[in-house]
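Structure record follows, encoded as structure tokens.
Residue numbers (full-length UniProt numbering): 1 to 212.
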């Protein structure tokens, strides 16, 4: 159940003090499909080498810069870097099993609290901030694998849901999350909680999936 207060010692507080959130999974985490033979490494932001931060940031910029520029919030490089280096940021980074420098994609997430439609209740969420793939690794199930790992993490740590933000203009991503992975509009998403004429003013939706 959602917790009512973000007190010291709460579930989320305890989870965020854990140095590694994937110890319950078999190690190493691997993924094989078609011509991909990958290892998926876990990092907290304090363990993330600077070269990997630069690679993840540049992949976001390469894949989404135009979409950000055309969004209501625009593109702010400083703010994006700060988000990707937030104290609670965690990464799943997929690389070649035979060449650690051959990077294929990553997922950036945080364990956070989000509002609900009940003013007295906050939901504990495994929040996906980014899932980005190299072009050579797309359409091979890797994105689904990374999101599946995030779902397992959220479920293992007894969080309420996996959650993410998606641009309405990113129709491919919207279909991927909703049609393939079973995400739905979260209760606080503009399209779920506002009249249609107001919801149209927003260029994003919030999607979520319960950690059952």
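We treat Cβ as the ideally placed atom computed from N, Cα and C, and that holds for glycine.
Beta-carbon separation (whole angstroms), residue i vs residue j, contact threshold 8 Å
{"i": "residue 209", "j": "residue 151", "result": "7 Å"}
{"i": "residue 90", "j": "residue 110", "result": "7 Å"}
{"i": "residue 117", "j": "residue 187", "result": "5 Å"}
{"i": "residue 159", "j": "residue 177", "result": "At roughly 18 Å, the Cβ-Cβ gap does not stay under 8 Å, so residue 159 and residue 177 are not in contact."}
{"i": "residue 23", "j": "residue 132", "result": "About 25 Å separates the two Cβ atoms, so there is no contact after all."}
{"i": "residue 213", "j": "residue 100", "result": "Outside the shown range of the chain (1 to 212) lies residue 213, about which nothing can therefore be said."}
{"i": "residue 201", "j": "residue 185", "result": "16 Å between Cβ atoms; not a contact."}
{"i": "residue 181", "j": "residue 144", "result": "7 Å"}
{"i": "residue 126", "j": "residue 162", "result": "5 Å"}
Three-way DSSP call (helix, strand, coil) for residue i in this model
{"i": "residue 5", "result": "Summary for residue 5: the model assigns pLDDT 43, below 50, so the residue's position carries little reliability; its value from the coordinates is reported in the next sentence. Coil at residue 5, not helix or strand."}
{"i": "residue 44", "result": "strand"}
{"i": "residue 192", "result": "helix"}
{"i": "residue 14", "result": "helix"}
{"i": "residue 138", "result": "coil"}
{"i": "residue 174", "result": "helix"}
{"i": "residue 110", "result": "strand"}
{"i": "residue 81", "result": "helix"}
{"i": "residue 207", "result": "strand"}
{"i": "residue 89", "result": "coil"}
{"i": "residue 180", "result": "helix"}
{"i": "residue 123", "result": "strand"}
{"i": "residue 104", "result": "strand"}
{"i": "residue 199", "result": "helix"}
{"i": "residue 116", "result": "coil"}
{"i": "residue 130", "result": "strand"}
{"i": "residue 22", "result": "coil"}
{"i": "residue 96", "result": "strand"}
{"i": "residue 38", "result": "strand"}
{"i": "residue 212", "result": "coil"}
{"i": "residue 185", "result": "strand"}
Bounding residues of the alpha helix (DSSP H) (the contiguous stretch that carries residue i)
{"i": "residue 153", "result": "142-156"}
{"i": "residue 60", "result": "50-69"}
Exposure label - residue i; buried when at least 16 CB within 10 Å
{"i": "residue 172", "result": "exposed"}
{"i": "residue 38", "result": "buried"}
{"i": "residue 20", "result": "exposed"}
{"i": "residue 82", "result": "exposed"}
{"i": "residue 214", "result": "Nothing about residue 214 can be read from this structure; the chain reaches only from 1 to 212."}
{"i": "residue 31", "result": "buried"}
{"i": "residue 27", "result": "exposed"}
{"i": "residue 65", "result": "exposed"}
{"i": "residue 190", "result": "buried"}
{"i": "residue 12", "result": "buried"}
Element boundaries [beta strand (DSSP E), containing residue i]
{"i": "residue 168", "result": "Element bounds for residue 168: n/a, residue is neither H nor E."}
{"i": "residue 34", "result": "Run containing residue 34: none; DSSP gives neither H nor E here."}
Kindly confirm or deny that the segment 92-112 and the segment 74-82 touch, where touching means at least three C-beta pairs closer than 8 Å.
no
Count the C-beta pairs between the segment 22-42 and the segment 158-172 that are closer than 8 Å, then say yes if the count reaches three, no if not.
no
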